[in-house]
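Participant: First residue of the sequence shown? That's 55 in this note's numbering, and the numbers climb one at a time after it. Could you have a look at this structure, given as structure tokens, before my questions?
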Amino acid sequence: MNETQYKWHSSLMGGGGYITGIIQDPFKPEQWYARCDVAGVFKSHDGARSWEAVNRGMTDCHHHMVRSIAASYYQPGVLLRASGDVRDHTMFGTLHRSEDGGETWTDVCGEVDFYGNGPTRYCGEVIAFSPHDEQFAIAGGYSKGIWISNDGGNAWNYSGLKGERIVCAAIHPYSLDLIYACTFGERALYEGDDPSVWASNLEQCHDFPRGELSNLFVSRDRGQRWELIHQGLNITELAFDPGDPSALYASTVGQGLMRSRDGGLSWNSISSGLPGVLDYLTVTSNGDNDRFVLYTAGDLRPHHEGLPPFPIYKSEDRGETWSLLAELAEKDIIGFPSYLELYCSGWSICKVRVDSRNHQHLYFSNWFGVAQSKDEGHTWNGYDFTGLNTTCLESVRAHPTRTGIAMFTMGDHNVTVTTDGGKTCYGLPRIPQTHGTTAATFSRYMPELILSGHVRDGGHCIAKYDLAKKAGRIVLILNEGLFVQAMIEDGQQEGVFYAYVDGMVKDGAGLYRSKDWGESWSITSSFLPVYITQLPHKKKFIESDLLAVVVYQIKNVCGTNQLLCSDPYAPGTLYAGEWTEGLFKSLDSGETWSRIGFELPFGAHQSSVLNMIKADPNRPGVFYAGFIREGLWRSEDGGASWHKLFPVNHDLYNASSLAIGNDNELYVVCEPLYWSNSPSSVYCSLDQGQTWKPIMDTSLGALRYKGIDIDPLSGTLYAVTCGNGIYYAERTKGL
55 MNETQYKWHS
65 SLMGGGGYIT
75 GIIQDPFKPE
85 QWYARCDVAG
95 VFKSHDGARS
105 WEAVNRGMTD
115 CHHHMVRSIA
125 ASYYQPGVLL
135 RASGDVRDHT
145 MFGTLHRSED
155 GGETWTDVCG
165 EVDFYGNGPT
175 RYCGEVIAFS
185 PHDEQFAIAG
195 GYSKGIWISN
205 DGGNAWNYSG
215 LKGERIVCAA
225 IHPYSLDLIY
235 ACTFGERALY
245 EGDDPSVWAS
255 NLEQCHDFPR
265 GELSNLFVSR
275 DRGQRWELIH
285 QGLNITELAF
295 DPGDPSALYA
305 STVGQGLMRS
315 RDGGLSWNSI
325 SSGLPGVLDY
335 LTVTSNGDND
345 RFVLYTAGDL
355 RPHHEGLPPF
365 PIYKSEDRGE
375 TWSLLAELAE
385 KDIIGFPSYL
395 ELYCSGWSIC
405 KVRVDSRNHQ
415 HLYFSNWFGV
425 AQSKDEGHTW
435 NGYDFTGLNT
445 TCLESVRAHP
455 TRTGIAMFTM
465 GDHNVTVTTD
475 GGKTCYGLPR
485 IPQTHGTTAA
495 TFSRYMPELI
505 LSGHVRDGGH
515 CIAKYDLAKK
525 AGRIVLILNE
535 GLFVQAMIED
545 GQQEGVFYAY
555 VDGMVKDGAG
565 LYRSKDWGES
575 WSITSSFLPV
585 YITQLPHKKK
595 FIESDLLAVV
605 VYQIKNVCGT
615 NQLLCSDPYA
625 PGTLYAGEWT
635 EGLFKSLDSG
645 ETWSRIGFEL
655 PFGAHQSSVL
665 NMIKADPNRP
675 GVFYAGFIRE
685 GLWRSEDGGA
695 SWHKLFPVNH
705 DLYNASSLAI
715 GNDNELYVVC
725 EPLYWSNSPS
735 SVYCSLDQGQ
745 TWKPIMDTSL
755 GALRYKGIDI
765 DPLSGTLYAV
775 TCGNGIYYAE
785 RTKGL
């Protein structure tokens with residue numbers, strides 16, 4: 055019997071985010087592993103030139119927020135990864151173990167907490183295998199202390215330091231039984247001396263006070279007892295000296311590079327030649343006692359001026375003096391994506407590593423990916439960040455009349471387009487002063503037109519693109535604090551478009567309309583109840599706790615372009631949703647509104663939030679509403695009445711996005727969330743929702759789906775994720 059099959063492929067852009075750590079395989083030096091704050095673990099088989107995600111076995115919302123990774127020195131292919139998050143002032147995490155080089159992972163401990171996308175994610179590793187004992191491993195939590203394994207990372211036991219904010223844990227490579235644990239106090243995390251500011255920042259991060267000063271602890275008996283040996287040093291990473299086991303080197307926040315000659319009891323600055331305005335997130339060595347070289351990198355950010363674009367330094371005299379590896383010009387960096395120029399390509403370097411086979415070969419990781427130098431930093435190659443060349447996507451929209459074309463929006467990137475069914479993607483040229491995209495729409499009447507919402511210097515705007523000419527311009531600058539949440543074309547009227555703009559109502563939040571192909575815009579009558587003063591009404595919960603990728607930022611990958619739709623069979627008929635306060639309908643292009651959908655599960659639970667509304671392009675009067683926690687709902691009478699479609703039982707399900715095909719097809723995706731712990735999934739129905747089957751490739755891990763759409767001509771599915779990039783699938787017939 056023939057059955058419809060789905061084969062998922064990753065776009066060549068791959069996935070990625072902030073690549074906070076990289077390690078080399080001790081047994082296969084061509085293999086490298088990278089940890090990412092939002093996308094899990096990546097593996098390279100070709101010396102860090104290309105990457106693929108290795109997340110098979112991940113199931114929960116925090117499993118792709120990887121804080122640390124470690125490789126066994128004794129057992130080939132044995133790895134550990136530490137992931138975790140903080141939500142609702144609750145810290146949690148998981149240790150996973152792999153025996154096949156990351157191809158599959160097993161949950162081995164859920165009692166240690168990690169903050170994979172937290173304010174200390176750039177620091178050193180907090181898990182480690184012993185170089186002296188193949189069975190011994192350590193893990194340092196964000197609040198639950200040090201944990202020890204004596205069986206190669208399978209079973210774990212608590213071993214002290216509960217309550218400490220551990221940012222780096224290291225087993226001394228040249229001294230038996232010696233372990234160091236570095237912690238951060240409030241002064242290391244937050245600028246200034248005002249405790250009230252510290253308290254505010256801690257609350258924002260869902261953290262709790264740990265004390266003003268950072269601490270350095272040592273255990274001389276494999277973690278059985280711990281001794282506080284130094285306070286006030288904000289250590290991000292430690293390096294050791296093969297010629298002197300009592301010598302330690304530390305990179306720090308706010309204190310440059312430091313050295314101890316007595317095992318960490320006392321420290322002296324060794325920052326000669328280093329810019330004093332930078333923090334230093336990494337220190338490493340080549341491990342060669344005969345020609346011992348240390349390397350570090352400054353944490354260059356956009357506000358820094360007058361500094362080298364690649365602030366990577368070396369010391370050949372054990373830290374006494376430091377020198378810049380090279381003064382780089384444009385010709386010295388190759389293989390970096392076109393959206394990166396020299397001045398920003400070296401921003402936020404958090405790790406530098408030396409190749410174990412050839413000490414002239416260096417690697418760094420940063421916000422954008424992993425780059426390699428084969429001449430000790432005089433030239434760098436990013437290899438186009440193959441497999442790591444994207445961050446967190448917000449939305450997807452397939453072209454309504456042209457096959458193989460779809461577009462994607464994401465933070466820090468311009469509108470991204472595929473013209474070959476998802477295999478490859480390219481970014482449209484950046485409009486000056488714009489930095490990222492939020493929502494966008496095609497036109498069925500003018501196929502080359504794209505209208506899009508953008509982040510710009512000082513606010514947001516709406517832009518107009520010609521897809522054929524690959525050129526765009528700003529057509530509307532929004533008031534400060536406003537944000538383009540969704541954009542659509544009218545279902546029947548040529549040249550008419552709508553933009554759902556959130557923010558404060560007094561500043562202009564609401565529905566905007568253009569009657570001239572996006573050239574000019576005006577706000578329509580408000581669809582909101584009078585008590586709502588901002589969109590979203592419950593902004594903090596929705597945009598920093600429920601949907602965002604991290605709690606201490608607002609609007610960071612909450613998903614967009616799904617709370618506004620037009621009726622494809624009725625001109626001027628619109629549906630607009632507010633996450634928690636209701637669904638609204640207009641029959642006159644937004645001039646008047648009425649509330650509908652009183653059967654919908656608004657308020658059933660704190661997290662019962664409307665996330666998506668969509669019109670069926672094939673059936674008049676049929677509409678869908680997707681809820682976090684409460685699943686997928688359908689109306690067959692223009693929104694007058696609603697019933698639950700999937701799942702039909704009482705299981706939790708996050709109907710994060712929906713695609714509607716031409717042949718009775720429905721595809722719904724689920725993003726795993728802390729507040730509604732429904733596993734990552736894609737479900738398909740080929741009979742208008744009567745029956746459903748899972749079609750997700752579970753080897754991809756706990757993908758945080760933000761959107762799905764379908765090519766109406768070819769049937770190709772496009773799915774976008776938080777951190778793991780773009781996936782596409784085609785329907786095939788199999789036995």
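For each residue, glycine too, the CB sits at the ideal point set by N, CA and C.
Could you tell me which whole beta strand (DSSP E) segments of length 3 or greater appear in the stretch 574-659?
Facilitator: Qualifying beta strand (DSSP E) stretches, in chain order: 618-620, 628-632, 636-640 and 648-650.
Participant: Considering W201, what are the terminal residues of the beta strand (DSSP E) in which it resides?
Facilitator: As a first step, residue 201 is located in the sequence shown; it is residue number 147 there, counting from the start. I200 to S203 is the extent of the beta strand (DSSP E) around W201.
Participant: By DSSP, does N412 sit in helix, in strand, or in coil?
Facilitator: As a first step, residue 412 is located in the sequence shown; it is residue number 358 there, counting from the start. Coil at N412, not helix or strand.
Participant: Where does Q547 fall in DSSP's three states?
Facilitator: Here residue 547 is taken as the residue at index 493 of the sequence shown, counted from 1. If DSSP states are grouped into helix, strand and coil, Q547 belongs with coil.
Participant: With DSSP run on the structure shown, which of helix, strand or coil describes T290?
Facilitator: Reading the sequence shown from its first residue, position 236 is the one you call residue 290. Residue state, collapsed to three classes: strand.
Participant: Whole-angstrom Cβ separation of S419 and K405, contact assumed at under 8 angstroms?
Facilitator: In the sequence shown, counting from the first residue as 1, residue 419 sits at position 365. In the sequence shown, counting from the first residue as 1, residue 405 sits at position 351. Right, their Cβ atoms sit about 5 angstroms apart.
Participant: Give the secondary structure of E240 by DSSP, where H, G and I count as helix, E and B as strand, and everything else as coil.
Facilitator: The sequence position of residue 240 within the sequence shown is 186, counting from 1. In the structure shown, E240 sits in a helix (DSSP, three-state: H, G or I).
Participant: Have a look at E784 and G239 and give me their C-alpha separation to the nearest angstrom.
Facilitator: Residue 784 sits at position 730 when you count from the first residue of the sequence shown. Residue 239 sits at position 185 when you count from the first residue of the sequence shown. Taking the straight line from one Cα to the other gives about 51 angstroms.
Participant: Which first and last residues belong to the alpha helix (DSSP H) in which Y397 is found?
Facilitator: Translated into positions along the sequence shown, residue 397 becomes position 343. Residues L396 to S399.
Participant: Considering only C-alpha positions, which residue in the set Y623, V604 and K569 is nearest to Q546?
Facilitator: Taking the first residue of the sequence shown as 1, we reach residue 546 at position 492. The option with the nearest alpha carbon to Q546 is Y623.
Participant: Relative to the C-alpha of W280, which candidate in V272, L287 and G286 has its C-alpha closest?
Facilitator: Locating residue 280 in the sequence shown gives position 226, where the first residue counts as 1. Comparing Cα-Cα distances from W280 to each of V272, L287 and G286, the minimum goes to V272.
Participant: K747: buried (16+ other C-beta within 10 angstroms of its C-beta) or exposed?
Facilitator: One-based indexing of the sequence shown puts residue 747 at position 693. So K747 counts as exposed.
Participant: Alpha carbon to alpha carbon, what distance is there between E430 and D79?
Facilitator: Within the sequence shown, residue 79 is the residue found at index 25, counting from 1. Within the sequence shown, residue 430 is the residue found at index 376, counting from 1. Near 20 angstroms, if we compare the C-alpha coordinates of E430 and D79.
Participant: Please go through the same chain and pick out, in chain order, the residues whose beta-carbon is closer than 6 angstroms to the beta-carbon of V722, but skip the five residues on each side of it.
Facilitator: Taking the sequence shown and counting its residues from 1, one reaches residue 722 at position 668. Excluding residues within five positions, the ones whose Cβ falls inside 6 angstroms are L686, A709, L712 and Y737.
Participant: From the DSSP output, read off the bridge partner residues of M827.
Facilitator: The shown model of the chain, from 55 to 789, leaves out residue 827, and the question about it has no answer.
Participant: How is the alpha helix (DSSP H) around V95 delimited, first residue to last?
Facilitator: Here residue 95 refers to the residue found at position 41 when the sequence shown is read from its first residue. Per DSSP, V95 belongs to no alpha helix (DSSP H); it is in the beta strand (DSSP E), G94 to S98.
Participant: In three-state DSSP terms, what is Y803?
Facilitator: The question about residue 803 has no answer, for the chain in this structure spans 55 to 789.
Participant: Hey, how far is the Cα of E153 from the Cα of N208?
Facilitator: Here residue 153 corresponds to residue number 99 of the sequence shown, with the count starting at 1. Here residue 208 corresponds to residue number 154 of the sequence shown, with the count starting at 1. So the alpha carbons of these two residues sit roughly 11 angstroms apart.
Participant: Enumerate, from N- to C-terminal direction, the unbroken beta strand (DSSP E) stretches of 3 or more residues contained entirely within the stretch 420-472.
Facilitator: Whole beta strand (DSSP E) segments, 3+ residues: 424-427, 447-452, 460-464 and 470-472.
Participant: Taking 8 angstroms as the threshold, find out whether the stretch 150-167 comes into contact with the stretch 67-74 through three or more Cβ pairs.
Facilitator: The stretch 150-167 is not in contact with the stretch 67-74.
Participant: What does the alpha-carbon distance come out to for the pair N718 and D570?
Facilitator: Within the sequence shown, the letter at position 664 stands for residue 718. Within the sequence shown, the letter at position 516 stands for residue 570. Each residue's alpha carbon lies about 35 angstroms from the other.
Participant: How about A235 and L267: do their beta carbons lie closer than 8 angstroms?
Facilitator: By one-based count along the sequence shown, residue 235 stands at place 181. By one-based count along the sequence shown, residue 267 stands at place 213. Not in contact: A235 and L267 (Cβ atoms no closer than 8 angstroms).
Participant: Under the rule that 16 or more other beta-carbon atoms within 10 Å means buried, what is L789, buried or exposed?
Facilitator: Residue 789 sits at position 735 when you count from the first residue of the sequence shown. Unreliable positioning characterises L789 in this predicted model, as indicated by a pLDDT of 32, which lies under 50. The coordinate reading is nonetheless provided below. Exposed, by the Cβ-count rule.
Participant: Shortest alpha-carbon distance to G512 belongs to which of R498, E502, G526 and L532?
Facilitator: Working through the sequence shown from its first residue, we reach residue 512 at position 458. Of R498, E502, G526 and L532, the residue nearest in Cα terms is L532.
Participant: With distances taken from CA atoms, which of Y772, F581 and I200 is nearest R649?
Facilitator: Residue 649 sits at position 595 when you count from the first residue of the sequence shown. Answer by Cα proximity: F581.
Participant: A460 and H453 - do their beta-carbons sit closer together than 8 angstroms?
Facilitator: As a working note, residue 453 is residue 399 in the sequence shown. As a working note, residue 460 is residue 406 in the sequence shown. Taking 8 angstroms as the Cβ cut-off, H453 and A460 qualify as a contacting pair.
Participant: Quick one: does T338 have its CB under 8 angstroms from some CB of chain B?
Facilitator: Here chain B cannot be found, since the structure has a single protein chain.
Participant: Starting from the C-beta of L51, find all residues in its chain whose C-beta is less than 7 angstroms away, skip the five residues before and the five after it, and write them out in chain order.
Facilitator: No information on residue 51 is available, as it lies outside the stretch 55 to 789 that the chain covers here.
Participant: With burial defined as no fewer than 16 other Cβ atoms inside 10 Å of the residue's Cβ, what is the status of M55: buried or exposed?
Facilitator: Here residue 55 refers to the residue found at position 1 of the sequence shown. Residue placement at M55 is poorly supported in this model, since its pLDDT is 34, which falls under 50; the coordinates are not used for a value here.
Participant: Secondary structure at E281, three-state DSSP: helix, strand or coil?
Facilitator: One-based indexing of the sequence shown puts residue 281 at position 227. Correct three-state label for E281: strand.
Participant: Is T627 closer than 8 angstroms to H591 when the C-beta atoms are compared?
Facilitator: Stepping through the sequence shown from its first residue, residue 591 is reached at position 537. Stepping through the sequence shown from its first residue, residue 627 is reached at position 573. In this structure, T627 does not lie closer than 8 angstroms to H591 by Cβ.
Participant: Which partner residues of S768 appear in the DSSP bridge assignment?
Facilitator: Walking along the sequence shown from the start, residue 768 turns up at place 714. Beta-bridge pairing links S768 to no other residue.
Participant: Distance check for G172 and L757, CA to CA, integer angstroms please.
Facilitator: In the sequence shown, residue 757 corresponds to position 703, counting from 1. In the sequence shown, residue 172 corresponds to position 118, counting from 1. When rounded, the distance between both Cα atoms is 19 angstroms.
Participant: Between D599 and the rest of its own chain, which residues show a CB-CB distance below 7 angstroms, the 5 nearest in sequence each way excluded?
Facilitator: The residue given as residue 599 occupies position 545 in the sequence shown. So the list reads R141, D142 and V605, once near-sequence residues are dropped.
Participant: Grouping DSSP H, G and I as helix and E and B as strand, with all else coil, what is A253?
Facilitator: Stepping through the sequence shown from its first residue, residue 253 is reached at position 199. Reduced to three states, the DSSP call for A253 is helix.
Participant: Who are the near neighbours of S104 in its chain, counting only those whose CB is closer than 8 angstroms to its CB and skipping five residues on each side?
Facilitator: Numbered from its first residue, the sequence shown carries residue 104 at position 50. Taken in chain order, the residues that qualify are S98, Y437, T440 and G441.
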